[in-house]
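Accompanying notes for the structure given below.
Numbering (the working numbering), first residue to last: 7 to 160.
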């Protein structure tokens with residue numbers, strides 16, 4: 007049985023919200039779409055919403071699933087099973103005033119130690135990425151640019 011790790015694809019003003027992991031150790035120091043392992047029998051949207059409430063002190067609205075699942079070779083699952091990354095298109099509250107240049111919302115250091123809003127045309131401006139996460143970020147950018155609704159909602 008595979009473990010699902012769900013990641014949030016959030017775009018504002020043509021910039022993707024990314025975070026740098028501080029734990030667990032095998033993935034610490036790498037940038038990624040903020041995400042969390044989904045508990046067995048749990049809801050992907052609920053797991054992401056809880057992560058954002060705890061880690062970033064902000065509400066999160068999950069819109070829909072995008073992309074296909076990606077194998078996560080280095081993800082240390084709690085069961086030892088293989089892990090896959092599943093990406094959900096998400097939105098932060100429209101009324102929230104976030105300083106994108108400051109990386110808002112800031113992490114509370116439970117799972118992440120840094121955040122950034124990276125221009126979709128310059129995703130390599132932050133590094134290092136694990137290769138699967140880097141590819142996924144570029145695919146999120148491609149999906150954004152090909153989806154007029156997403157651009158309008160941004």
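For each residue, glycine too, the CB sits at the ideal point set by N, CA and C.
Predicted, not measured: the structure shown is a model, and the values here were computed from it.
Same chain, Cβ closer than 7 Å to residue 119, neighbours up to 5 away in sequence not counted: 26, 28, 113
Three-state secondary structure (DSSP) of residue 80: coil
Candidates 68, 49, 71, 80, of which the one nearest residue 34 by Cα: 80
Uninterrupted beta strand (DSSP E) stretches inside the segment 30–73 (no shorter than 3 residues): 41–43
Element boundaries [beta strand (DSSP E), containing residue 183]: Residue 183 lies beyond the stretch modelled for the chain, which goes from 7 to 160, so this question has no answer here.
Extent of the continuous beta strand (DSSP E) run through residue 120: Run containing residue 120: 118–125, per the beta strand (DSSP E) assignment.
Residue span of the alpha helix (DSSP H) that contains residue 157, given as start and end: 154–159
The segment 68–79 touching the segment 87–95, judged by at least three CB pairs closer than 8 Å: yes
Neighbourhood of residue 21 by C-beta distance below 8 Å, restricted to the same chain and skipping five residues each side: Taking C-beta separations shorter than 8 Å and ignoring five residues to either side along the sequence, the partners of residue 21 in its chain run 106, 123, 124, 125, 126, following chain order.
Residue(s) in a DSSP beta bridge with residue 15: 95
Own chain residues within Cβ distance below 6 Å of residue 13, not counting five before or after: 39, 41, 91, 93
Residue(s) in a DSSP beta bridge with residue 10: 90
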